[in-house]
Amino acid sequence: GAVVSQHPSWVICKSGTSVKIECRSLDFQATTMFWYRQFPKQSLMLMATSNEGSKATYEQGVEKDKFLINHASLTLSTLTVTSAHPEDSSFYICSAEKGLNEQFFGPGTRLTVL
Amino acid sequence: SQQGEEDPQALSIQEGENATMNCSYKTSINNLQWYRQNSGRGLVHLILIRSNEREKHSGRLRVTLDTSKKSSSLLITASRAADTASYFCATDASGAQKLVFGQGTRLTINP
Numbered sequence: 273g274a275v276v277s278q279h280p281s282w283v284i285c286k287s288g289t290s291v292k293i294e295c296r297s298l299d300f301q302a303t304t305m306f307w308y309r310q311f312p313k314q315s316l317m318l319m320a321t322s323n324e325g326s327k328a329t330y331e332q333g334v335e336k337d338k339f340l341i342n343h344a345s346l347t348l349s350t351l352t353v354t355s356a357h358p359e360d361s362s363f364y365i366c367s368a369e370k371g372l373n374e375q376f377f378g379p380g381t382r383l384t385v386l
Numbered sequence: 240s241q242q243g244e245e246d247p248q249a250l251s252i253q254e255g256e257n258a259t260m261n262c263s264y265k266t267s268i269n270n271l272q273w274y275r276q277n278s279g280r281g282l283v284h285l286i287l288i289r290s291n292e293r294e295k296h297s298g299r300l301r302v303t304l305d306t307s308k309k310s311s312s313l314l315i316t317a318s319r320a321a322d323t324a325s326y327f328c329a330t331d332a333s334g335a336q337k338l339v340f341g342q343g344t345r346l347t348i349n350p
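Protein sequence lines, in the order shown, are assigned to chains A and B.
Every number in my numbering is 272 more than the matching position in the first sequence, counting from 1.
Every number in my numbering is 239 more than the matching position in the second sequence, counting from 1.
Have a look at this one:
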């Protein structure tokens, strides 16, 4: 199998606080993981590519200092939304790459910033 | 950036009818994938079609790929209420590691 989990599944936080979201590949190792953001009734937008042991590659327009990505092991990548604001409220989805260009997606994390 | 465009954006049909969704893309691809997403949930992988394939079937799903037109279609036959979801195509561009998603089609199956 190829199962990817995310934690938490939903989080509510106050404006100005930081929130960490975890993405884990449960039964395989993933050198590469991806972080997406999805606003209501919209498609997934790739935020960054997370590579184990090296710096993440961010898509144009995504602030690397605001969305901190750490991929410290072959089964875990974390996304930290720093100093979150209401406009950061969104559905965050990760995926983990298994094999050649085959991605498996996590169930998503709903972030609500008050 | 999103290179995929899907049409229609929304589709509402009666249970038992067939549903067809289309996806267009702009660059050369290695493969094209279709995903389903129920409201507020993660993505479920439906089917992958490689650039050298023209048609693929999986149960009630039929996917076609026309690389000359840079387009793909997803056909769901004998639709069921449980098929109600958003459907996205995603392309794996040649030379690129990442997936680029289309805008999606919101499919509603009316009982």
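Don't be surprised by glycine CBs; every beta carbon is placed ideally from N, CA and C.
Using the three-state DSSP reduction, which class does residue i fall into: helix, strand or coil?
i	result
Asp-246 (chain B)	strand
Thr-289 (chain A)	coil
Glu-324 (chain A)	coil
Ala-302 (chain A)	coil
Asp-360 (chain A)	helix
Phe-376 (chain A)	strand
Ala-321 (chain B)	helix
Val-339 (chain B)	strand
Arg-293 (chain B)	coil
Ser-281 (chain A)	coil
Lys-338 (chain A)	coil
Gln-332 (chain A)	coil
Ser-345 (chain A)	strand
Gln-241 (chain B)	Any reading at Gln-241 (chain B) must be qualified, since the residue scores a pLDDT of 38, below 50, and its modelled position is unreliable; the value itself is stated next. It is coil, neither helix nor strand.
Ser-307 (chain B)	coil
Glu-254 (chain B)	coil
Please list the terminal residues of the continuous beta strand (DSSP E) segment that includes residue i.
i	result
Asp-331 (chain B)	324-332
Ala-274 (chain A)	Looking at the DSSP string, Ala-274 (chain A) is not in any beta strand (DSSP E), and its letter there is neither H nor E.
Arg-299 (chain B)	Unbroken run through Arg-299 (chain B): none, as it is neither H nor E.
Arg-275 (chain B)	268-276
Val-283 (chain B)	282-289
Ser-311 (chain B)	310-315
Leu-386 (chain A)	Note, Leu-386 (chain A): premise wrong, no beta strand (DSSP E); not H, not E.
Thr-347 (chain B)	344-349
Ser-315 (chain A)	Where Ser-315 (chain A) is concerned, there is no enclosing beta strand (DSSP E), given that its DSSP letter is neither H nor E.
Thr-350 (chain A)	348-353
Ser-263 (chain B)	258-263
List the whole-angstrom C-beta distance separating residue i from residue j, where the pair is believed to meet the contact cut-off of C-beta under 8 Å.
i	j	result
Leu-351 (chain A)	Trp-307 (chain A)	5 Å
Thr-347 (chain B)	Ser-325 (chain B)	The Cβ separation is near 10 Å, so there is no contact.
Ala-332 (chain B)	Ser-267 (chain B)	7 Å
Gln-310 (chain A)	Phe-377 (chain A)	No, Gln-310 (chain A) and Phe-377 (chain A) are not in contact; Cβ-Cβ is about 11 Å, not under 8 Å.
Leu-386 (chain A)	Ile-284 (chain A)	7 Å
Met-305 (chain A)	Glu-369 (chain A)	7 Å
Select from the options the residue whose C-alpha is nearest the C-alpha of residue i.
i	options	result
Ser-355 (chain A)	A:Gln-278, A:Lys-286 and A:Thr-321	A:Lys-286
Leu-282 (chain B)	A:Gly-380, A:Thr-384 and A:Leu-386	A:Gly-380
Gly-298 (chain B)	B:Asp-305, B:Ser-290, B:Ala-317 and B:Arg-289	B:Ala-317
Asp-337 (chain A)	A:Glu-369, A:Thr-303 and A:Ser-290	A:Ser-290
Ala-258 (chain B)	B:Leu-314, B:Pro-350, B:Arg-319 and B:Asp-305	B:Leu-314
Asp-360 (chain A)	A:Gln-278, A:Gly-288 and A:Glu-324	A:Gly-288
Glu-245 (chain B)	A:Ala-320, A:Ser-315 and A:Glu-294	A:Ser-315
Leu-300 (chain B)	B:Arg-280, B:Lys-309, B:Ser-310 and B:Arg-275	B:Arg-275
Arg-382 (chain A)	B:Ser-307, B:Gly-279, B:Ile-288 and B:Ala-321	B:Gly-279
Leu-338 (chain B)	A:Gly-325, A:Ser-281 and A:Met-319	A:Met-319
Arg-289 (chain B)	B:Thr-303, B:Asn-270 and B:Asn-277	B:Asn-270
Asn-261 (chain B)	B:Asn-291, B:Ser-311, B:Arg-319 and B:Trp-273	B:Ser-311
Gln-252 (chain B)	B:Ala-320, B:Gly-341 and B:Val-302	Looking at the sequence provided, one finds Ile at residue 252 (chain B) rather than Gln. Here the closest residue by C-alpha is B:Ala-320.
Gly-255 (chain B)	B:Thr-303, B:Gln-342 and B:Asp-322	B:Asp-322
Does residue i have its Cβ less than 9 Å from a Cβ in chain E?
i	result
Lys-313 (chain A)	Protein chains in the displayed structure are A and B, and chain E is not among them.
* Taking a cut of 9 Å between CB atoms, which residues from the segment 265-283 of chain B lie near chain A? -> Asn-269, Asn-270, Gln-272, Tyr-274, Gln-276, Gly-279, Arg-280, Gly-281, Leu-282 and Val-283
* What residues in the segment 305-328 of chain B bring their beta carbon closer than 9 Å to a beta carbon of chain A? -> Ser-325 and Phe-327
* **Chain-ordered residues of the segment 297-310 of chain A with a beta carbon less than 9 Å from chain B** => Thr-304, Phe-306, Tyr-308 and Gln-310
* To do: Could you name the residues of the segment 335-364 of chain A whose beta carbon sits closer than 9 Å to any beta carbon of chain B, in the order they occur along the chain?
  => Phe-363
* Mind checking the segment 250-262 of chain B against chain A and listing, in chain order, the residues whose C-beta falls within less than 8 Å of any C-beta there? => none
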